[in-house]
Amino acid sequence: VLEKATDLYIQQHCRILYESIKLCLISKNPDTRKSRYKLACEQYGALIRVRKYADQKQRLVVNKAIDDFLKADDLYHHPNRVRSSEEIQTEKRKHDEFWEGFAITEMIEIFSEDFKKEN
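This is how it looks when you write it as structure tokens:
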């Protein structure tokens, strides 16, 4: 009975934690972000406390939820660290286009100087 109760407790806190993480990271409303972050912190604390009573299988679930919270906590406090792969690819493409254009203008300048010397 205690094992089932612990399992249910862990499942409920993990569910609330993951919902709160999601809302705190995607919500545009600052009040929602704050309140969901606070709720996620509470769920994180509850999972930390129950971890010592969990069996091996339950501990794996708790540890994953704790790790996920820590990653989300970092993203919450440092939102500019998150960049989608599309943004990174766009930035890289712009960088490559710039240097390609710069190389072309340099080549034109070199060739025009050589052409002037020949004439």
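Numbered continuously in the working numbering, the sequence shown closes out at residue 155. Here a beta-carbon is modelled for each residue, glycine too, at the ideal position from N, C-alpha and C.
Among the options, nearest to residue i - alpha-carbon criterion
{"i": "residue 56", "options": "108, 134 and 99", "result": "108"}
{"i": "residue 113", "options": "133, 144 and 69", "result": "69"}
{"i": "residue 64", "options": "115, 78 and 48", "result": "115"}
{"i": "residue 87", "options": "104, 127 and 42", "result": "42"}
{"i": "residue 51", "options": "104, 141 and 145", "result": "104"}
Exposure label - residue i; buried when at least 16 CB within 10 Å
{"i": "residue 92", "result": "exposed"}
{"i": "residue 98", "result": "buried"}
{"i": "residue 131", "result": "exposed"}
Distance between beta carbons of residue j and residue i, contact taken as under 8 Å
{"i": "residue 76", "j": "residue 53", "result": "6 Å"}
Proximity of residue i and residue j at Cβ, strictly below 8 Å
{"i": "residue 46", "j": "residue 94", "result": "yes"}
{"i": "residue 61", "j": "residue 111", "result": "yes"}
Rounded separation between residue i and residue j - CA only
{"i": "residue 72", "j": "residue 135", "result": "44 Å"}
{"i": "residue 106", "j": "residue 44", "result": "22 Å"}
{"i": "residue 83", "j": "residue 123", "result": "35 Å"}
{"i": "residue 85", "j": "residue 102", "result": "11 Å"}
{"i": "residue 133", "j": "residue 100", "result": "42 Å"}
{"i": "residue 80", "j": "residue 39", "result": "20 Å"}
{"i": "residue 137", "j": "residue 153", "result": "25 Å"}
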